Amino acid sequence: LSTRRRRSAFPHAAPNRSRLHVEGLNPRIAASPPEKPAMSTATSNPLLQPWDTPFGLPPFESIRPEHFAPGFEAARAAHLAELDAIAAQSETPSFENTIAALDRSGRLYWRIEGVFHNLAASDTSPALQQAERELAPQLAAHQNAIYMHRGLFERIAALHARRDELGLTPEQRRLLERFHFDFVRAGARLQGDAQRRYAQVMERLAELTTRFGQNVLADENDFRLELRTEAELAGLPDFVRAAARQAAADRGIADAHVITLSRSLIVPFLTFSERRDLREQAWRAWTSRGEHDGAHDNRPVAREILALREEQARAHGCACYADYALADTMAGTRAAVGQLLDQVWTRAVARVEEEREALQALVLSRGESLAIEAWDWRYYAEKVRALRYDLDEAEVKPYFPLERMVEAAFDCARRLFGLEFVLRL
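Counting the sequence shown from 1 gives a position; the numbering used here is that position plus 1303.
(1) What residue from 1492, 1449, 1418, 1574 has the CA that sits closest to residue 1435's CA?
(2) Under 8 Å, do residue 1526 and residue 1598 count as touching if we go by C-beta distance?
(3) Looking at the unbroken alpha helix (DSSP H) that takes in residue 1705, where does it start and where does it end?
(4) Hey, which unbroken runs of the alpha helix (DSSP H) at 4 residues or more fall wholly within the segment 1568-1607?
(5) Excluding five sequence neighbours on each side, which residues of the same chain lie with their C-beta closer than 7 Å to the C-beta of residue 1602?
(6) Which class does residue 1459 belong to by DSSP, given the choice of helix, strand or coil?
(7) Evaluate residue 1508 with the Cβ neighbour count: other Cβ atoms within 10 Å of its Cβ, from every protein chain shown; 16 or more gives buried, anything less gives exposed.
(8) I'd like the span of the beta strand (DSSP E) that includes residue 1561, first residue to last.
(9) Can you tell me the Cα-Cα spacing of residue 1609 and residue 1636, whole angstroms?
(10) Under 8 Å between the Cβ atoms of residue 1365 and residue 1385?
(11) For a minimum of 3 consecutive residues, which ranges assigned as the beta strand (DSSP E) are wholly contained in the segment 1617-1689?
(12) Would you kindly check if the distance between the Cβ of residue 1659 and the Cβ of residue 1675 is under 8 Å?
(13) For the alpha helix (DSSP H) that residue 1468 lies in, which residues bound it at each end?
(14) Does DSSP put residue 1725 in a helix, in a strand, or in coil?
(15) Measuring CB atoms only, is the segment 1573-1587 touching the segment 1483-1501, in the sense that at least three cross pairs come out at less than 8 Å?
(16) Is the beta carbon of residue 1686 closer than 8 Å to that of residue 1667?
(17) With residue 1528 as the anchor, note down where its beta strand (DSSP E) starts and where it stops.
(18) Quick check on residue 1492: does DSSP put it in helix, strand or coil?
(19) With residue 1562 and residue 1547 assumed to form a contact (beta carbons below 8 Å), what rounded beta-carbon distance in angstroms separates them?
(20) Please classify residue 1396: is it buried, with 16 or more other beta-carbons within 10 angstroms of its beta-carbon, or exposed?
(21) Are the CB atoms of residue 1350 and residue 1374 nearer to each other than 8 Å?
(22) Is the distance from the Cβ of residue 1576 to the Cβ of residue 1682 below 8 Å?
(23) Expressed to the nearest angstrom, what Euclidean distance is found between the alpha-carbon atoms of residue 1540 and residue 1726?
(24) So which of 1455, 1520, 1498 has the shortest CA-CA distance to residue 1393?
(25) Determine the burial state of residue 1433: buried for a count of at least 16 other Cβ atoms within 10 Å of its Cβ, exposed for fewer.
(26) In whole angstroms, what separates the C-alpha of residue 1354 from that of residue 1362?
(27) According to the neighbour-count rule (16 or more other Cβ atoms, all chains shown, within 10 Å of its Cβ), is residue 1328 buried or exposed?
(28) Going by CA-CA distance only, name the one from 1367, 1471, 1591, 1709 that's closest to residue 1427.
(29) Tell me which same chain residues have a C-beta within less than 6 Å of the C-beta of residue 1307, skipping the five on either side of it?
(30) Do residue 1450 and residue 1423 have their beta-carbon atoms positioned less than 8 Å apart in this structure?
(31) In angstroms, rounded to a whole number, what distance separates the CA positions of residue 1414 and residue 1698?
(32) By the three-class DSSP mapping on this structure, what secondary structure does residue 1355 have?
(33) Where do the ends of the alpha helix (DSSP H) carrying residue 1437 lie?
(34) So, using beta-carbon positions, are residue 1529 and residue 1559 closer together than 8 Å?
(35) For a test of the three-state rule: what should DSSP assign to residue 1416, helix, strand or coil?
(36) Where do the ends of the alpha helix (DSSP H) carrying residue 1387 lie?
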């Protein structure tokens, strides 16, 4: 299960637990079932029951939005009890009783969180969005409780200070250093009021980033460009028409085709539609999501996010949020990013100008008198490609159906890595 959603929701970059397990740091833990909570809700909440599904996959057909609040409540309590037990040990900190124990902890919590964020990102609903808004600050508060746990961090810091003397394997050392780095970035070293304020900032950021994403999604869902005449469908190949017709049927719109802001519809529409006025309408809607007055206006949300991120960065002694964010990336510094952009920018601008000249030349050759605008780019780029390379995307697409692409991916894995895949019915 992807943790990308969680990492974007909690900007203090908590450890990516799925990554740690996948990389083989603790395969035994990854394969074992989560602890079973001793509470009556476990008998009725599928999130708290053992998953007897193939490969331990979530029982999606049984999970409802209302299951998440009590599920998280139970999982948070169990997780914090584990952390308290690790911190309260009388034994001297060791890799096994502190770092490995921390890596083993919270399996139920991380399991529920993975399902929650994946559903919210890929199969959301009004009820699930409401749960997401309500739970965002609570989940951020749990992250704070983990990474600001004084006793736990003291044990991690003690091990980190002696890491050269512990005889750790490269994997063990990496895990120790990663935990220490993440705790520090989450505010573990802050004291008193500074730490309490940092926790408030993190919880507010979780609320705001959740609202930001939901506002964009709301604008995407609200927009529909109805095409009812052949003139409005001009230029659209069969596969785009079929998708637009299905989009209309899904929305209960009869005798029409509908273009939504889903990338699978908006991009081919901008590429093939001969109606420049409709392309402009669709492009403006696509590029202004969350930028309208009303309940879904992301402009004030973005301003508050930027202000809080600056406060977050300054709490760590960074000059700006970019310095804070880049410390955990390959680039490392703003100077390195700037150097790369300087290397790419001149060449990129020159290439864009070449492409613009080619598009403008095609416009003139067609006897049209218009200046290329953003909503024209994909349309005329497709025409230029067809002329230069005799390559028509609409003609090529039928040769690459989804089923065949899936087969090709599996075949590639078989040839490269010797893996065999069997369909499970």
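Where is the CB? At the ideal position from N, CA and C, for every residue including glycine.
Note that this is a predicted model, so its numbers are computed, not measured.
According to the structure shown:
(1) Position 132 of the sequence shown holds residue 1435. Of the candidates 1492, 1449, 1418, 1574, the one whose C-alpha sits nearest the C-alpha of residue 1435 is 1418.
(2) For the purposes of this step, residue 1526 is taken as the residue at position 223 of the sequence shown. For the purposes of this step, residue 1598 is taken as the residue at position 295 of the sequence shown. Going by C-beta atoms, residue 1526 is not nearer than 8 Å to residue 1598.
(3) Numbered from 1 along the sequence shown, position 402 holds the residue referred to as residue 1705. Element bounds for residue 1705: 1705-1720.
(4) 1579-1590
(5) For the purposes of this step, residue 1602 is taken as the residue at position 299 of the sequence shown. If we look at residue 1602 and ignore the five residues flanking it on each side, its Cβ neighbours are 1594.
(6) Taking the first residue of the sequence shown as 1, we reach residue 1459 at position 156. Residue state, collapsed to three classes: helix.
(7) The residue labelled residue 1508 in the question sits at position 205 within the sequence shown. Buried, because 16 or more other Cβ atoms sit within 10 Å of the Cβ of residue 1508.
(8) Position 258 of the sequence shown, counting from 1, holds the residue named residue 1561. Taken as a continuous stretch (DSSP letters only), the beta strand (DSSP E) holding residue 1561 covers 1560-1562.
(9) Start at 1 with the first residue of the sequence shown, and residue 1609 comes out as number 306. Start at 1 with the first residue of the sequence shown, and residue 1636 comes out as number 333. Distance between the alpha carbons of residue 1609 and residue 1636 is about 19 Å.
(10) Here residue 1365 corresponds to residue number 62 of the sequence shown, with the count starting at 1. Here residue 1385 corresponds to residue number 82 of the sequence shown, with the count starting at 1. For residue 1365 and residue 1385, no; Cβs fall outside 8 Å.
(11) none
(12) Numbered from 1 along the sequence shown, position 372 holds the residue referred to as residue 1675. Numbered from 1 along the sequence shown, position 356 holds the residue referred to as residue 1659. Yes, the Cβ-Cβ distance between residue 1675 and residue 1659 is below 8 Å.
(13) Within the sequence shown, residue 1468 is the residue found at index 165, counting from 1. Segment: none, residue 1468 is in no alpha helix (DSSP H) and carries neither H nor E.
(14) Position 422 of the sequence shown holds residue 1725. Correct three-state label for residue 1725: coil.
(15) no
(16) Within the sequence shown, the letter at position 364 stands for residue 1667. Within the sequence shown, the letter at position 383 stands for residue 1686. For residue 1667 and residue 1686, no; Cβs fall outside 8 Å.
(17) Within the sequence shown, numbered from 1, the residue matching residue 1528 stands at position 225. Counting along the chain, the beta strand (DSSP E) containing residue 1528 begins and ends at 1528-1530.
(18) As a position in the sequence shown, residue 1492 is number 189, starting the count at 1. DSSP places residue 1492 in coil when its eight states are reduced to three.
(19) Counted from its first residue, the sequence shown places residue 1562 at position 259. Counted from its first residue, the sequence shown places residue 1547 at position 244. Yes, residue 1562 and residue 1547 are in contact; Cβ-Cβ is about 6 Å, under 8 Å.
(20) As a first step, residue 1396 must be located in the sequence shown, where it is residue number 93. Answer is buried; the Cβ neighbour count reaches 16.
(21) Numbered from 1 along the sequence shown, position 47 holds the residue referred to as residue 1350. Numbered from 1 along the sequence shown, position 71 holds the residue referred to as residue 1374. Yes. Within cutoff.
(22) Working through the sequence shown from its first residue, we reach residue 1576 at position 273. Working through the sequence shown from its first residue, we reach residue 1682 at position 379. In this structure, residue 1682 lies closer than 8 Å to residue 1576 by Cβ.
(23) Your numbering for residue 1540 matches position 237 in the sequence shown. Your numbering for residue 1726 matches position 423 in the sequence shown. Taking the straight line from one Cα to the other gives about 33 Å.
(24) Position 90 of the sequence shown, counting from 1, holds the residue named residue 1393. Taking only the C-alpha atoms, the option nearest residue 1393 is 1455.
(25) For the purposes of this step, residue 1433 is taken as residue 130 along the sequence shown, with counting starting at 1. It counts as exposed.
(26) Position 51 of the sequence shown, counting from 1, holds the residue named residue 1354. Position 59 of the sequence shown, counting from 1, holds the residue named residue 1362. Roughly 7 Å between the two C-alpha positions.
(27) Sequence index remark: in the sequence shown, residue 1328 carries index 25 (1-based). Confidence at residue 1328 is low in this model, with a pLDDT of 35, below 50, so its placement is unreliable and no value can be given for it.
(28) Position 124 of the sequence shown, counting from 1, holds the residue named residue 1427. That would be 1367, whose Cα lies nearest to the Cα of residue 1427.
(29) Taking the first residue of the sequence shown as position 1, residue 1307 is located at position 4. Any reading at residue 1307 needs caution, since the residue's pLDDT is 32, under 50, leaving its predicted position unreliable; the model's value is listed next. So no residue of the chain qualifies.
(30) On the sequence shown, residue 1423 is found 120 positions in, with the first residue counted as 1. On the sequence shown, residue 1450 is found 147 positions in, with the first residue counted as 1. In this structure, residue 1450 does not lie closer than 8 Å to residue 1423 by Cβ.
(31) As a first step, residue 1414 is located in the sequence shown; it is residue number 111 there, counting from the start. As a first step, residue 1698 is located in the sequence shown; it is residue number 395 there, counting from the start. Using only the alpha carbons, I get a separation of about 44 Å.
(32) In the sequence shown, the residue the question calls residue 1355 occupies position 52. In the structure shown, residue 1355 sits in coil (DSSP, three-state: anything other than H, G, I, E or B).
(33) Along the sequence shown, read from residue 1 onward, the residue named residue 1437 stands at position 134. Counting along the chain, the alpha helix (DSSP H) containing residue 1437 begins and ends at 1429-1450.
(34) Walking along the sequence shown from the start, residue 1529 turns up at place 226. Walking along the sequence shown from the start, residue 1559 turns up at place 256. Taking 8 Å as the Cβ cut-off, residue 1529 and residue 1559 qualify as a contacting pair.
(35) For the purposes of this step, residue 1416 is identified with residue 113 of the sequence shown, where counting begins at 1. In this structure, residue 1416 counts as helix in the three-state DSSP scheme.
(36) By 1-based counting over the sequence shown, the position of residue 1387 is 84. Start and end: 1371-1390.
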